[in-house]
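Residue 7 is where the sequence shown starts when you use my numbering, and the numbers rise one by one after that.
For every residue, glycine included, the Cβ atom is placed at its ideal position computed from N, Cα and C.
Following: one structure in structure tokens, then a few remarks.
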Amino acid sequence: MPLFVIFVAIILFFLLVTLLKTLYTVRTATAGVVERFGKFNRITRPGLHFLIPFGERVYFVDLQVKQAQFSVETKTRDNVFVQIPVSVQYVVLDDKIYDAFYKLSMPQKQIESFVFNSILGHVPKLTLDETFEQQSGISVAVKVELDAIMSGFGFNILTALVTDIIPDVKVKAAMNDINAAQRAQVAAQARGEAEKILKVKQAEAEAQSKALQGQGIAAERQAIIDGLSASIEHFQQGVPGASAEDVMALVLLTQYFDTLRDIGTRGGTNTLFLPNSPGAASEFQTQILAGLRGGHTPAPGIDAARAVLPPRPTNPPAPPVGTPGTPDPYTGQ
7 MPLFVIFVAI ILFFLLVTLL KTLYTVRTAT AGVVERFGKF NRITRPGLHF
57 LIPFGERVYF VDLQVKQAQF SVETKTRDNV FVQIPVSVQY VVLDDKIYDA
107 FYKLSMPQKQ IESFVFNSIL GHVPKLTLDE TFEQQSGISV AVKVELDAIM
157 SGFGFNILTA LVTDIIPDVK VKAAMNDINA AQRAQVAAQA RGEAEKILKV
207 KQAEAEAQSK ALQGQGIAAE RQAIIDGLSA SIEHFQQGVP GASAEDVMAL
257 VLLTQYFDTL RDIGTRGGTN TLFLPNSPGA ASEFQTQILA GLRGGHTPAP
307 GIDAARAVLP PRPTNPPAPP VGTPGTPDPY TGQ
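Spelled out as structure tokens, the structure:
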């Protein structure tokens with residue numbers, strides 16, 4: 007009896023193991039590759055499936071999108087070494103599961119090799135500035151070339167992104183300095199234009215101010231002339247026999263003394279008003295009246311000085327030989 011029980015238990019265990027070997031499940035976004043005695047037999051989709059015990063074996067292929075990241079070091083046409091990070095998204099083609107499983111053992115390594123080959127075929131033809139400008143174009147070129155190659159192995163390249171272009175630290179610092187200098191130049195030009203506009207506006211405002219100031223001075227002088235005319239008329243009416251020149255002389259003399267008073271009483275002035283001799287008032291009056299009349303009246307004292315000197319001879323005798331010349335009293339030479 008115990009031997010029979012042991013035999014039955016062995017049979018049941020064998021059947022259980024066989025059942026476990028027979029049933030298997032395939033998950034979503036996964037495909038099963040079934041081999042029978044080491045030879046490809048079929049592809050199974052997600053769900054519950056059966057295997058021939060001890061004769062068939064199943065392998066699973068992931069159908070989800072995968073991402074591989076690489077960093078390619080290369081040199082541009084202007085001899086600048088750069089690091090170019092590349093990110094590739096790829097997926098197994100649903101109708102080429104057989105090729106993806108059997109033709110490539112390490113697909114990510116193969117993709118890396120093709121990415122390096124594509125980058126090294128494009129970037130050395132470009133300068134550093136052109137590389138930055140054509141970053142998206144490089145991505146498209148890598149994607150097209152990589153997809154054309156990998157599609158034969160059952161893979162679809164969704165994107166191949168050049169995520170960055172990293173030059174040497176010194177080159178990057180030099181580029182930043184150049185950019186800063188260019189921006190400083192543009193800012194200086196803008197400031198110069200602003201200052202130019204400001205000065206032009208100030209000049210225009212000053213010109214308008216001078217014009218208005220001139221109009222004000224003209225009006226002021228006209229008012230002074232009108233006032234003087236009225237004063238002369240009133241003075242002639244009040245003082246019979248007084249001429250217009252007498253009245254003008256009195257007015258000018260009054261203004262002269264008013265000017266001296268203002269200069270003397272105003273603090274912080276640096277004005278020198280000459281002459282200031284006792285006869286300055288009469289001389290000043292005579293000169294102004296002469297200018298107003300349009301003639302020429304010599305200042306007092308000039309005729310007296312001329313009367314003291316004798317007439318200048320027509321042919322003065324030459325000084326004796328060996329004696330220094332006497333200065334000419336008329337010319338001082």
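- By the CB criterion at 8 Å, I125 and G160 fall outside the cutoff.
- Non-local C-beta neighbours of F20 in its own chain, meaning closer than 8 Å and more than five positions away in sequence, are absent.
- Beta-bridge partners of D170 (DSSP): none assigned.
- Cβ contact annotation for F107 (same chain, cutoff 8 Å, sequence separation greater than five): V39, Y65, V67, G160, in chain order.
- Assignment of beta strand (DSSP E) within the segment 154-215, counting only whole runs of 3 or more residues, yields 161-168 in chain order.
- Taking Q114 as the centre and dropping the five residues before and after it, the same chain places the C-beta of A74 closer than 6 Å to its C-beta, in chain order.
- Following the DSSP letters along the chain, one finds K115 inside the alpha helix (DSSP H) bounded by residues 113-128.
- For K45, the uninterrupted beta strand (DSSP E) segment begins and ends at 45-50.
- Distance from the CA atom of T82 to the CA atom of I117, rounded to whole angstroms, is 23 Å.
- When the alpha-carbon of V86 is set against those of P173, Q261, T50, V71, the nearest one is in P173.
- P91 is bridged by DSSP to S77.
- L256 and S237 have their C-alpha atoms some 11 Å from each other.
- Boundaries of the beta strand (DSSP E) harbouring A37: 36-42, taken from the DSSP string.
- DSSP links V86 through a beta bridge to no other residue.
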